[in-house]
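Remarks on the structure that follows.
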């Protein structure tokens, strides 16, 4: 039985000078605690890693993707299991995920010293600058990866994404991250109330499918492009990122540092290119230069 991601509640809907009492679908938001078990057989250790607010569902992917994008684990082969830990809860919720590593896997735990706490709105807090938090990726995008997308294909991606957002159709309140081929074929989509959670779920699923690095894909974000989202994408080797909303200044700086193509305001057949314009084929084939930051 799948985990419910929506609830239905009575509401008053107002439309101009009319109102009616109806039932509405609301995206569920609940905390998920991520625990990590690691070490040799005769000295196993258990550590609390993070508490994140998320939409229930794909919790193992969320935990796996989070551990990877934060640099705590290197690959999915280090994971022996990822499953809910049935801790007594007054509401009988499955809100604890235990990730067990293989005996020879050594997690990088320096990043956990600040006791991660993530909410669905703010993401991981306490990261002051690129130099302070930059995690090294084995899959960083390169100048000669050959990944290129036509602007005509790019303009179609939001419509394709919207057509596949099942939970969004019910609630109107979820973010989405989606992977496409450069030809516009949808490969994978994940939704969550948190933008960062949706991307962690997506990357976690890609890891489980053994797809990394994701250099020949295009990532579409349903909202704005923040620094943390660009960092997570860079960890997975994604070289083209498009967002329906605006990017932040730090997101643009990080995209330039990792040689990532960053596109914002992708809607109504319009978009802005903020970094890596050489990967976008425009109709007039003009020579584009990424803006200086």
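Numbering (our numbering), first residue to last: 1 to 293. Note that beta-carbon positions come from the ideal geometry of N, C-alpha and C, so glycine has one too. Given the structure is predicted, the values throughout are model-derived calculations rather than measurements.
Helix, strand or coil at residue i [DSSP, three-state]
i	result
residue 230	helix
residue 196	helix
residue 249	helix
residue 70	coil
residue 202	helix
residue 256	helix
residue 224	coil
residue 109	coil
residue 217	coil
residue 98	strand
residue 75	coil
residue 161	helix
First through last residue of the beta strand (DSSP E) which encompasses residue i
i	result
residue 83	79-84
residue 44	Looking at the DSSP string, residue 44 is not in any beta strand (DSSP E), and its letter there is neither H nor E.
residue 213	That residue, residue 213, is in no beta strand (DSSP E); it is neither H nor E in DSSP.
residue 177	175-180
residue 236	Per DSSP, residue 236 belongs to no beta strand (DSSP E) and is neither H nor E.
residue 102	Looking at the DSSP string, residue 102 is not in any beta strand (DSSP E), and its letter there is neither H nor E.
residue 264	261-267
residue 38	30-38
residue 139	No beta strand (DSSP E) holds residue 139; DSSP gives it neither H nor E.
Extent of the continuous alpha helix (DSSP H) run through residue i
i	result
residue 58	Neither: residue 58 is in no alpha helix (DSSP H) and is coded neither H nor E.
Residues that DSSP places opposite residue i in a beta bridge
i	result
residue 150	281
residue 10	23
residue 63	In the DSSP output, where bridge partners are listed per residue, residue 63 has none listed.
residue 188	179
residue 272	264
Contact set for residue i: own chain, Cβ-Cβ below 8 Å, skip 5 residues either direction
i	result
residue 54	29, 30, 31, 32, 62, 120, 192, 193, 194 and 197
residue 267	158 and 244
residue 279	147, 148, 149, 239, 240 and 261
Cβ neighbours of residue i in the same chain (closer than 6 Å, five flanking residues each side left out)
i	result
residue 237	139, 213, 214 and 215
residue 58	201
residue 232	69 and 199
Short CB-CB distance (under 8 Å) between residue i and chain B
i	result
residue 247	No chain B is part of this structure, which consists of one protein chain only.
Own chain, CB closer than 7 Å to residue i, minus 5 neighbours either side, in chain order
i	result
residue 107	36, 38, 72, 73 and 101
Practice item. Tell me, please, whether the region 148-166 touches the region 23-31 by the rule of three or more beta-carbon pairs shorter than 8 Å. Key: no
Practice item. Determine, using beta-carbon pairs with one atom in the region 217-225 and one in the region 65-82, whether at least three such pairs fall under 8 Å. Key: no
Review point. Is there contact between the region 174-185 and the region 219-233, where contact requires at least three CB pairs shorter than 8 Å?
Key: yes
Point to revise | the region 94-102 touching the region 236-250, judged by at least three CB pairs closer than 8 Å | key: no
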